[in-house]
Every structure is written in C-alpha cells, then in structure tokens.
Amino acid sequence: MLYHFERRGLPEDVAYGLADFLNTRALDTYFRSFNGHTQVNATDLRHLRYPSLPLLSRLGRWVRNHPQAGADQVDEKVMAITA
Numbered sequence: 063m064l065y066h067f068e069r070r071g072l073p074e075d076v077a078y079g080l081a082d083f084l085n086t087r088a089l090d091t092y093f094r095s096f097n098g099h100t101q102v103n104a105t106d107l108r109h110l111r112y113p114s115l116p117l118l119s120r121l122g123r124w125v126r127n128h129p130q131a132g133a134d135q136v137d138e139k140v141m142a143i144t145a
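Its first residue numbered 63, the sequence shown is counted upward by one per residue in this note's numbering.
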C-alpha cells in the first residue's frame, strides 16, 4: 500500500508518526482479535481509523527526538496523543 497526501509523499514527521502508529501493540492486538491473524491487507488499512495529520506529525516529531525510545514508550506516547 502506498501512502500519500494530495498526490505527494508524506511530510517526514507524518511518515514517522504513521509508521509508529501502525507498529503499536494496540493495533497489533486489534488485528489479532478481529482478523484472527496478523497479516494486514490494503482493505484493512483503508478501513482503519487513523489519527489526524497534526497528531501523526506530533507523534513523528516526538519519535524523531527520542530515537532510543523503546516499544513501551512509543505505545504510551501514541495512547496519550490519540486519547
């Protein structure tokens, strides 16, 4: 699946935020419980509710400024930003 915004690549902060959002344990648990597997196809991604672009950008900036953050820290930040 190709992600783009208005036929252009995503801003770097948004791309980082999106990648980290898609890699959260919460999203993994969601797919495992509703799909019965972890393979995600394009239709699954199209039906997913995403945080707004400003929130993804904020998350991306945080992740880029905290390169040593572990999965738990990123998960906590995603939950805090998207709550």
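Each residue gets a CB set at the ideal place from its N, CA and C atoms; glycine is no exception. Predicted, not measured: the structure shown is a model, and the values here were computed from it.
> Excluding sequence positions up to five away, which residues of its chain have a Cβ less than 8 Å from the Cβ of L39?
Replying inline: The displayed coordinates of the chain run from 63 to 145. Any statement about residue 39 would go beyond what the structure contains.
> According to the neighbour-count rule (16 or more other Cβ atoms, all chains shown, within 10 Å of its Cβ), is L121 buried or exposed?
Replying inline: buried
>> Let's see if you can read the secondary structure: which residues bound the alpha helix (DSSP H) around A145?
In response: Element bounds for A145: n/a, residue is neither H nor E.
> Name the DSSP beta bridge partners of R126, please?
Replying inline: None, per the DSSP bridge assignment.
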